[in-house]
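Each residue of the sequence shown is one higher than the last, beginning at 624 in this note's numbering.
The next block holds one structure in the form of structure tokens; read it before the comments.
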Amino acid sequence: MAKGNVLKFLLWLLSTPQIAFSLLAEFISTKSFSSDLQRCVDISRQYGESVPSYFVEALIIAEDHRSTKHPGIDPIAIFRAIWVRFYRGEIQGASTIEQQFVRVVTNRYEKTIARKIREQILALMIVRRINKREIASAYLSIAFYGSSSIGKSGLVAKFGEDLSIVPFEHALRMVAQLKYPQPLIPSSAWHDKLESRCMLLLSRVALNDKKTSYASEVAEDVRKG
């Protein structure tokens, strides 16, 4: 618990410049900026309870394992991505769930620093208005999982109307498709990538027949909001 509190303090401390800028943006934001923020808030409220909590747990484990500690951006992930790009020449993701949600809602994917900063500011502003569990649920309800599989309708088409009976392993596998969306004609290469991704996620929680303490800890954090 103490270690978690220290990590949370560190993440918030490192995020201070962006937090300050996001507070300033509350007063000087443009019409376009305000419109995007309102759209994110509206969609979060509309879909905030639309998927079972363990889908959210799976999303956190797969995409943003420090989600319950950071304020909407993850400076540790950002610094790691910069280091990897500079020293290895590789591109590594650093976006939080909130940032990914903003990207889908605003439909802005240009590879520019300006877009990234805008995305971070919006993510921070949304977290001040909507709790993270609702944002994550809303993201899963509109996310792209692959060809003919978008949002909650894609989940229902895959698993049926009652998502509460879907095994956790299957939820984790579906979340893995956020990184590797299913193509119109799935190839063996895609299957291999998805399987590797699933194995990585399962190894993170050492999943046998039930969720382990790590996933249970995430679940407890999700319940607390």
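Virtual Cβ for every residue (Gly too), placed ideally from N, Cα, C.
Residue range of the unbroken alpha helix (DSSP H) whose run includes residue i
i, result
"Gly774", "Gly774 to Phe782"
"Tyr670", "Lys654 to Tyr670"
"Ile684", "Ser676 to Glu686"
"Leu807", "Leu807 -> no alpha helix (DSSP H), and no H or E assigned at all."
"Ile714", "Note, Ile714: premise wrong, no alpha helix (DSSP H); not H, not E."
"Glu733", "Segment: none, Glu733 is in no alpha helix (DSSP H) and carries neither H nor E."
Check: residue i C-beta below 7 Å from any heavy atom of the ligand MG
i, result
"Tyr670", "Inclusion of the ligand MG in the displayed structure is not the case, the ligand content being empty and no account of it being possible."
Buried versus exposed, by CB contacts within 10 Å (16 or more), residue i
i, result
"Tyr710", "exposed"
"Ser836", "In this prediction, Ser836 scores a pLDDT of 48, lower than 50, which makes its location untrustworthy; the coordinate-derived value is nonetheless stated afterwards. Its Cβ having fewer than 16 others within 10 Å, Ser836 is exposed."
For residue i, the first and last residue of its enclosing beta strand (DSSP E)
i, result
"Tyr768", "Phe767 to Gly769"
Inter-residue CB distance, residue i and residue j (contact presumed, cutoff 8 Å)
i, j, result
"Leu817", "Ser770", "So it is not a contact: roughly 13 Å between Cβ atoms."
"Phe782", "Tyr677", "12 Å between Cβ atoms; not a contact."
"Ser690", "Ser764", "In fact, because the Cβ distance is near 17 Å, the residues do not count as touching under 8 Å."
Residues near residue i by beta carbon distance below 8 Å, same chain, minus five either side
i, result
"Val750", "Pro694, Gly695, Glu721 and Ile758"
"Ser787", "Pro675"
Residue from the options whose Cα sits closest to the Cα of residue i
i, options, result
"Ile753", "Ile740, Phe644, Gln661 and Arg796", "Gln661"
"Leu636", "Glu680, Ile699 and Ile705", "Ile699"
"Arg741", "Ser652, Asn628 and Arg689", "Ser652"
"Ile705", "Ile736, Leu745, Ser657 and His688", "Ile736"
"Leu745", "Asp785, Cys821, Ala643 and Gln805", "Ala643"
Close-in-space but distant-in-sequence residues of the same chain around residue i (CB under 7 Å, 5 per side omitted)
i, result
"Ala766", "Val727, Gly774 and Leu801"
Sequence-distant residues of its chain with Cβ nearer than 6 Å to residue i (five each side left out)
i, result
"Leu830", "The predicted model places Leu830 with a pLDDT of 45, which falls under 50 and marks its position as unreliable; any figure quoted below should be read in that light. Here the set comprises nothing."
"Ala685", "Val798 and Leu824"
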